[in-house]
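Chemist: FYI, the numbering for the sequence shown is 5 to 487, going by this note's numbering. Built from N, CA and C at the ideal position, the CB exists for glycine as well. No experiment lies behind these values; they were computed from the predicted model shown.
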Amino acid sequence: MSKTIIISNRLPLQISIEDNNLEVTPSVGGLATGLKSFHRDGDSIWIGWTGLTEEEIPESLAQDVKKRALEEACVSVNLTAEEIEGFYYGFSNRTIWPLFHYFMEYTEAELSFWEIYKKVNQKYANEVLKHYQEGDQIWVHDYQLLLVPNMIREKAPEAIIGFFNHIPFPSYEVFRTLPWREEVLEGVLGADLIGFHTYDYERHFLSSVSRILRLQVDFNEVTLPNRIVKVDSFPMGIDYEKFEQAALNHFKNTSEEQSDLQNRLDHHLKTTPEAKLILSIDRLDYTKGIANRIRAFEYFLDRNPEYVEKVRLVMLAVPSRSNVPQYQRLKREIDELVGRINGKFSTVNWTPIWYFYRSMPFENLIDLYTSCDVALLTPIRDGMNLVAKEFIATRTYHTGVLILSEMAGASHEMNEAILINPNNFEQISSALKQALEMPKEEQIQRNKMLQKRLKRYSVEKWANDFIKALKNTKDNRNDSQSI
Ligand code: ADQ
Numbered sequence: 005m006s007k008t009i010i011i012s013n014r015l016p017l018q019i020s021i022e023d024n025n026l027e028v029t030p031s032v033g034g035l036a037t038g039l040k041s042f043h044r045d046g047d048s049i050w051i052g053w054t055g056l057t058e059e060e061i062p063e064s065l066a067q068d069v070k071k072r073a074l075e076e077a078c079v080s081v082n083l084t085a086e087e088i089e090g091f092y093y094g095f096s097n098r099t100i101w102p103l104f105h106y107f108m109e110y111t112e113a114e115l116s117f118w119e120i121y122k123k124v125n126q127k128y129a130n131e132v133l134k135h136y137q138e139g140d141q142i143w144v145h146d147y148q149l150l151l152v153p154n155m156i157r158e159k160a161p162e163a164i165i166g167f168f169n170h171i172p173f174p175s176y177e178v179f180r181t182l183p184w185r186e187e188v189l190e191g192v193l194g195a196d197l198i199g200f201h202t203y204d205y206e207r208h209f210l211s212s213v214s215r216i217l218r219l220q221v222d223f224n225e226v227t228l229p230n231r232i233v234k235v236d237s238f239p240m241g242i243d244y245e246k247f248e249q250a251a252l253n254h255f256k257n258t259s260e261e262q263s264d265l266q267n268r269l270d271h272h273l274k275t276t277p278e279a280k281l282i283l284s285i286d287r288l289d290y291t292k293g294i295a296n297r298i299r300a301f302e303y304f305l306d307r308n309p310e311y312v313e314k315v316r317l318v319m320l321a322v323p324s325r326s327n328v329p330q331y332q333r334l335k336r337e338i339d340e341l342v343g344r345i346n347g348k349f350s351t352v353n354w355t356p357i358w359y360f361y362r363s364m365p366f367e368n369l370i371d372l373y374t375s376c377d378v379a380l381l382t383p384i385r386d387g388m389n390l391v392a393k394e395f396i397a398t399r400t401y402h403t404g405v406l407i408l409s410e411m412a413g414a415s416h417e418m419n420e421a422i423l424i425n426p427n428n429f430e431q432i433s434s435a436l437k438q439a440l441e442m443p444k445e446e447q448i449q450r451n452k453m454l455q456k457r458l459k460r461y462s463v464e465k466w467a468n469d470f471i472k473a474l475k476n477t478k479d480n481r482n483d484s485q486s487i
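(1) So which residues touch the region around the ligand ADQ, with touch meaning a C-beta under 6 Å from any heavy atom?
(2) Mind checking whether Arg325 and Tyr93 have CB atoms under 8 Å apart?
(3) My output table needs one value for Lys234: the three-state DSSP class, helix, strand or coil.
(4) Quick one: does the C-beta of Leu281 sit closer than 7 Å to a heavy atom of the ligand GTP?
(5) With a threshold of 16 other CB atoms inside 10 Å of the CB of Ile471, please say whether the residue is buried or exposed.
(6) Which same chain residues end up closer than 6 Å to Thr355 when comparing Cβ atoms and leaving out the 5 residues on each side of it in sequence?
(7) Just the Cα atoms here: how many angstroms apart are Lys314 and Asp270?
(8) Can you give me the Cβ contacts of Ile432 inside the same chain, cut-off strictly under 6 Å, excluding the 5 residues immediately before and after it?
(9) Check each candidate in Phe167, Ile164, Leu151, Tyr203 and name the one with the smallest Cα separation from Pro525.
(10) In the structure shown, what three-state DSSP assignment does Val352 receive?
(11) Between the stretch 164-178 and the stretch 453-464, do at least 3 Cβ pairs fall closer than 8 Å?
(12) Give the secondary structure of Trp358 by DSSP, where H, G and I count as helix, E and B as strand, and everything else as coil.
(13) Does any C-beta atom of chain D lie closer than 8 Å to the C-beta of Thr37?
(14) Counting along the chain, where does the beta strand (DSSP E) carrying Gly166 start and finish?
(15) Give the straight-line distance between the Cα atoms of Gly491 and Asp243, rounded to the nearest whole angstrom.
(16) Helix or strand or just coil, what does DSSP make of Gln141?
(17) Could you say which of Ala279, Arg231, Asp146 lies nearest to Cys376 if we only look at CA atoms?
(18) When we look at the beta-carbon of Arg218 and count the other beta-carbons within 10 Å, is it buried (16 or more) or exposed?
(19) Is it buried or exposed, Ile487, if we count other Cβ atoms within 10 angstroms and call 16 or more buried?
(20) Under three-state DSSP, which class holds Ile370?
(21) Tell me where the beta strand (DSSP E) around Pro102 begins and ends.
(22) Does the Cβ of Asp146 have 16 or more other Cβ atoms within 10 Å, making it buried, or fewer, making it exposed?
(23) Tell me which same chain residues have a C-beta within less than 6 Å of the C-beta of Leu193, skipping the five on either side of it?
(24) Considering just the uninterrupted stretch of the beta strand (DSSP E) at Ser284, what are its terminal residues?
(25) With a threshold of 16 other CB atoms inside 10 Å of the CB of Leu150, please say whether the residue is buried or exposed.
(26) For the alpha helix (DSSP H) that contains Asn451, what are its first and last residues?
(27) Are the beta-carbon atoms of Asn169 and Tyr128 separated by less than 8 Å?
(28) Please list the terminal residues of the continuous alpha helix (DSSP H) segment that includes Ala77.
(29) Helix or strand or just coil, what does DSSP make of Leu17?
(30) Once DSSP output is grouped into helix, strand and coil, what is the label at Arg218?
(31) Shortest alpha-carbon distance to Asn130 belongs to which of Asn82, Phe91, Tyr110?
(32) To which residues does DSSP link Trp1 through a beta bridge?
(33) Do Gly199 and Asp140 have their C-beta atoms closer together than 8 Å?
(34) Return the CA-CA distance between Met108 and Ser12, expressed in angstroms with no decimal places.
(35) Note down the Cα distance separating Ala379 from Gly404, rounded to an integer number of angstroms.
Structure below.
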């Protein structure tokens, strides 16, 4: 019987070791949820890194880690601290991540990163080949594993391979600056089907393929000497029901069962009942436009002094990649900006920005999503942005306003949101005013349309559509062989 092999940088598991005890819990991330209908049904395995380096796993527990991962149909790829440094923090997050998000000034073309990236990609490919049997579908995920499709293809030419890129693919003019541009494109083209969140990323990729590799591109197909590669867009959705249900449960809760955060939010609503909450949630990343957002909020308060004490920005930033220098600098910049603006506008009763720098349990995320009046998401570039979709799914009363950057992939499916250019403070400021003053009926009308769409294009549908299209490439291949 054929199976699906999923490969991603990280396994959908959280593994921790305390006092020589191993704790393994399934992760609840979007990808894990989306793929659960394929995974753990006995017909799929997931290959990836556990999140712990070889040095962090005591020898006595190494076998246990493998065994416990296998119980979840997961196969772990062992990586050393040095490999993680060069492959993950290095090439993935200091070369590809900034370049693909158009931060060319942050992009480091460091040969040692590239060498280690190739080596680690080969490790992942080898692990796949150990488990691959003819007839299996292989689905490789994201920018950390761009070379894996072709590394598998070299050893298993008949394999059915899909690749999905979760971040943007930049325009040819940007991509062409990468010293290893040919190898990266050839690596991805090892797949039979290549998926992106949006049509724009798909066109950028095809344009790079045709101009850099001089390959024939017809509409969404690339012709290689012995195969055809399909390229298509598959906008990723969310587990809509999970967020909707969590919001409904939240409203059912009695006050005794409320979380600390919800109690604080309630206290805020009691002490300043007129004050509206504006929410922003993201990983602390320079692509998310957090500093610009704070400056735009300052601009808004400067221009609209009647909103002093009447509005508050609740900003949740999740720590991320904190050993990469740009992330450390960004953290300092945000700390300073928040301090300066709170210092400038605060009154005895009111602080304009509540800033949380931490990860939060799911229930607290739901508290925030459901308690705010406006969500302000202003990424400079973002492959999709699932937060925008999650916010809408939790608005079970259909009220609330989403302000979303047009640079987020999600904006293509969310026209009913107020779309803004994240570099235009004036526009963000008027969008805030429009959102805070939008009549309830209009909010309901906009959200109902968004909700209908998001419910239909859930993460499960996304995964099903991709696998279906991947299987079709196999059928097409069989057809052309029989002609
Ligand atoms: P990210 O850049 O991580 O993902 P995003 O799509 O917004 O960005 O997903 C973040 C996820 O983390 C959301 O599901 C959210 O609920 C969760 N989260 C946020 N804050 C949290 C907190 N404080 N505590 C716990 N969880 C929190 C990358 C790309 C995106 C693309 C996704 C999926 O950069 O563009 O949408 O992959 O393909």
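Modeler: On the basis of the supplied data:
(1) This selection yields Gly34, His170, Ile171, Met240, Ile285, Arg287, Leu320, Val322, Ser363, Met364, Leu369, Asp386, Gly387, Met388, Asn389, Leu390, Val391, Glu394.
(2) yes
(3) strand
(4) What this structure holds is the ligand ADQ, not the ligand GTP.
(5) In summary, Ile471 is buried, with 16 or more beta-carbon neighbours lying within 10 Å of its beta-carbon over all protein chains present.
(6) Asn346
(7) 15 Å
(8) Ala300, Ile424
(9) Residue coverage of the chain in this structure runs from 5 to 487, which leaves residue 525 outside it and unanswerable.
(10) coil
(11) no
(12) strand
(13) Of the protein chains in this structure there is only one, and it is not chain D.
(14) 164-168
(15) Lying before the first or after the last residue shown, residue 491 is absent from the chain, which here runs from 5 to 487.
(16) strand
(17) Checking every option, the nearest Cα to that of Cys376 belongs to Ala279.
(18) exposed
(19) Confidence at Ile487 is low in this model, with a pLDDT of 43, below 50, so its placement is unreliable and no value can be given for it.
(20) Ile370 carries a helical assignment under DSSP once its states are collapsed to helix, strand and coil.
(21) From DSSP, Pro102 is part of no beta strand (DSSP E) but of the alpha helix (DSSP H) over 101-104.
(22) buried
(23) Val233
(24) 280-287
(25) buried
(26) 444-460
(27) no
(28) Unbroken run through Ala77: none, as it is neither H nor E.
(29) strand
(30) coil
(31) Asn82
(32) Any answer about residue 1 is impossible in this case: the structure gives the chain only from 5 up to 487.
(33) no
(34) 25 Å
(35) Take the alpha-carbon of Ala379 and the one of Gly404: they are about 8 Å apart.
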